[in-house]
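Quick note on the UniProt record's numbering: the sequence shown kicks off at 1 and runs consecutively.
Built from N, CA and C at the ideal position, the CB exists for glycine as well.
Predicted model only: the values in this text are computed from it and were never measured.
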Amino acid sequence: MRKKKPQEHVNTERYMLTYSDMITLLMMFFIIMYASSNVDATKYKEISDSFKIAFSGRQTIVGSGNSMDIKNKPNRSSTEYNGQVQNDKTNQAEEDRLKQVKQIIDDYIKQNNMSTSASTQIEERGLVISIQDTLFFDSGKADVKPEFQKRIVEIGKILNTIDNYIRIEGHTDNVPISNYKYVDNLDLSTARANAVLRVLENQSNINPKRLASMGYGDQRPVADNNTDAGRARNRRVDIVVIDSKYNATEDNSKK
């Protein structure tokens with residue numbers, strides 16, 4: 001007689017293992033969610049992004065909030081930095097060049113006993129050569145004195161060693177003018193600026209495309225018009241060597 005196989009016992013509690021694992025995972029999930037809710041949102045995002053980058057093969061700068069694929073995007077910050085360095089070098093070279101020209105003109109002014117009526121200074125707009133009117137003009141007139149034309153010519157020759165734009169500006173004091181030729185100080189200052197420009201163009205042979213003139217009358221004083229000394233300083237012609245960083249502006253003004 002064949003023996004009867006014993007009946008297999010079915011373990012009805014196996015599902016409890018899976019169930020307990022699921023409960024454990026859920027508990028861990030809620031613990032993590034609760035903990036993350038107390039973390040600074042920005043820091044949490046940075047950590048989250050770092051994990052994303054690690055798995056996606058992209059590079060990011062922590063704190064920037066952006067990731068960048070090195071293979072597909074240029075290093076913009078590096079490009080901007082290099083451009084800034086180049087601009088700084090260009091600006092420094094221009095400043096050095098204007099200082100050299102200033103020194104040469106200062107030496108010329110000293111050698112020709114013009115120190116009491118002429119001066120130079122470097123401003124943000126460029127090199128400014130200021131000449132009081134009594135050196136080149138008679139009172140109320142705009143014709144350059146023949147004996148002093150050569151000094152303008154020599155200054156012009158120095159300026160012809162560089163290629164910057166040059167603007168000649170005429171200025172007066174605030175005492176109203178009264179003669180038959182000029183209706184007011186603005187008219188006189190413009191005529192004087194034009195007269196100096198003609199000498200620079202025709203005798204110093206400076207390219208006329210580099211030259212411009214303007215009269216301001218008494219609108220831009222550099223000293224107190226209530227004193228004789230102040231008024232004397234205000235009656236002047238400024239020869240302005242424009243810094244090359246303003247070339248685009250000067251180009252547009254010529255059109």
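Comparing C-alpha positions only, which one of 115, 163 and 108 sits nearest to residue 126?
Here residue 126 refers to the residue found at position 126 of the sequence shown. The option with the nearest alpha carbon to residue 126 is 163.
Under 9 Å, do residue 104 and residue 239 count as touching if we go by C-beta distance? Your numbering for residue 104 matches position 104 in the sequence shown. Your numbering for residue 239 matches position 239 in the sequence shown. Contact: no.
- Message: Since residue 170 and residue 237 should fall inside the 8 Å C-beta cutoff, what is the C-beta to C-beta distance between them, to a whole number of angstroms?
- Response: Position 170 of the sequence shown, counting from 1, holds the residue named residue 170. Position 237 of the sequence shown, counting from 1, holds the residue named residue 237. That belief holds up - the Cβ atoms of residue 170 and residue 237 are roughly 6 Å apart, short of 8 Å.
Beta-carbon proximity of residue 186 to residue 168, cut-off 9 Å:
Here residue 186 corresponds to residue number 186 of the sequence shown, with the count starting at 1. Here residue 168 corresponds to residue number 168 of the sequence shown, with the count starting at 1. It is not a contact, given that the beta carbons lie outside the stated cut-off.
What beta strand (DSSP E) runs, 3 residues minimum, are completely inside the UniProt domain "OmpA-like" (124 to 245)? 126 to 132, 166 to 171, 211 to 215 and 236 to 242
Stretch pair the region 104 to 120 + the region 209 to 223: three plus CB contacts closer than 8 Å: no
(Q) Measuring only the C-alpha atoms, how far is residue 183 from residue 99? (A) The residue labelled residue 183 in the question sits at position 183 within the sequence shown. The residue labelled residue 99 in the question sits at position 99 within the sequence shown. Cα-Cα distance, rounded: 39 Å.
Notebook entry, point to check: Mapping DSSP to helix, strand and coil, what is residue 250?
Noted result: Residue numbering aside, residue 250 sits at position 250 when the sequence shown is read from its first letter. Correct three-state label for residue 250: helix.
### Query
Quick one: what does DSSP say residue 90 is sitting in, helix, strand or coil?
Here residue 90 refers to the residue found at position 90 when the sequence shown is read from its first residue. Here residue 90 sits in helix by DSSP.
- Cβ-based neighbour list, residue 242, same chain, cut-off 8 Å, excluding 5 preceding and 5 following: Position 242 of the sequence shown, counted from the start, is the residue given in the question as residue 242. Closer than 8 Å at Cβ, skipping near neighbours: 125, 126, 164, 165, 166, 167 and 250.
For residue 177, I'd like the list of residues in its chain whose CB is within less than 7 Å of its CB, leaving aside the five on either flank, ordered along the chain. Position 177 of the sequence shown holds residue 177. For residue 177, where only same-chain residues beyond five positions count, the Cβ hits under 7 Å are 140, 184, 185 and 188.
Rounded to whole angstroms, what's the CA-CA distance from residue 234 to residue 122? Just pull it up for me.
-> Here residue 234 refers to the residue found at position 234 of the sequence shown. Here residue 122 refers to the residue found at position 122 of the sequence shown. Going from the Cα of residue 234 to the Cα of residue 122 covers about 18 Å.
Backbone secondary structure at residue 120 - three-state DSSP: Here the question's residue 120 lines up with position 120 in the sequence shown. It is a strand residue.
Using the beta-carbon count (16 or more within 10 Å), is residue 32 buried or exposed?
Numbered from its first residue, the sequence shown carries residue 32 at position 32. Exposed: under 16 other Cβ atoms inside 10 Å.
>> For a test of the three-state rule: what should DSSP assign to residue 114, helix, strand or coil?
In response: As a first step, residue 114 must be located in the sequence shown, where it is residue number 114. Correct three-state label for residue 114: coil.
Can you tell me whether residue 51 is helix, strand or coil according to DSSP? On the sequence shown, position 51 is the one that residue 51 refers to. Bear in mind that the predicted position of residue 51 carries a pLDDT of just 48, short of 50, making it unreliable; the figure below should be weighed with that in mind. Helix.
- Item | Distance CB(residue 223)-CB(residue 231) smaller than 9 Å | For this step, residue 223 is matched to residue 223 along the sequence shown. For this step, residue 231 is matched to residue 231 along the sequence shown. Contact flag set, yes.
Original post:
Can the beta-carbon of residue 158 be found closer than 9 Å to that of residue 199?
Top reply: Here residue 158 refers to the residue found at position 158 when the sequence shown is read from its first residue. Here residue 199 refers to the residue found at position 199 when the sequence shown is read from its first residue. No, these two residues do not count as a Cβ contact at 9 Å.
Spatial neighbours of residue 71 within its chain, please: C-beta separation below 6 Å, excluding the five flanking residues on both sides. Within the sequence shown, residue 71 is the residue found at index 71, counting from 1. Low per-residue confidence applies at residue 71: pLDDT is 48, beneath 50, and the placement is therefore not dependable enough to give any value.
**Asked** Rounded to whole angstroms, how far is the Cβ of residue 205 from the Cβ of residue 160, which I believe are closer than 8 Å?
**Response** Counted from its first residue, the sequence shown places residue 205 at position 205. Counted from its first residue, the sequence shown places residue 160 at position 160. 7 Å between Cβ atoms; contact.
*May I have the straight-line CA-CA distance separating residue 90 from residue 118, to the nearest angstrom?*
In the sequence shown, counting from the first residue as 1, residue 90 sits at position 90. In the sequence shown, counting from the first residue as 1, residue 118 sits at position 118. Rounded to whole angstroms, residue 90 to residue 118 spans 29 Å at the Cα level.
Between the Cα of residue 136 and those of 207, 229, 195 and 247, spot the shortest distance and give me the residue it belongs to.
Numbered from 1 along the sequence shown, position 136 holds the residue referred to as residue 136. Residue 136 has its Cα closest to that of 195, out of 207, 229, 195 and 247.
Enumerate in chain order the residues of its own chain whose CB-to-CB distance from residue 150 is below 6 Å, with the five nearest sequence positions on each side excluded. For the purposes of this step, residue 150 is taken as residue 150 along the sequence shown, with counting starting at 1. The answer is none, since no qualifying residue turns up.
Which word fits residue 193, buried or exposed, when buried means at least 16 other C-beta atoms lie within 10 angstroms of its C-beta? In the sequence shown, residue 193 corresponds to position 193, counting from 1. That one is buried.
Same chain, Cβ closer than 6 Å to residue 221, five either side skipped, listed in chain order = Within the sequence shown, numbered from 1, the residue matching residue 221 stands at position 221. For residue 221, where only same-chain residues beyond five positions count, the Cβ hits under 6 Å are 234.
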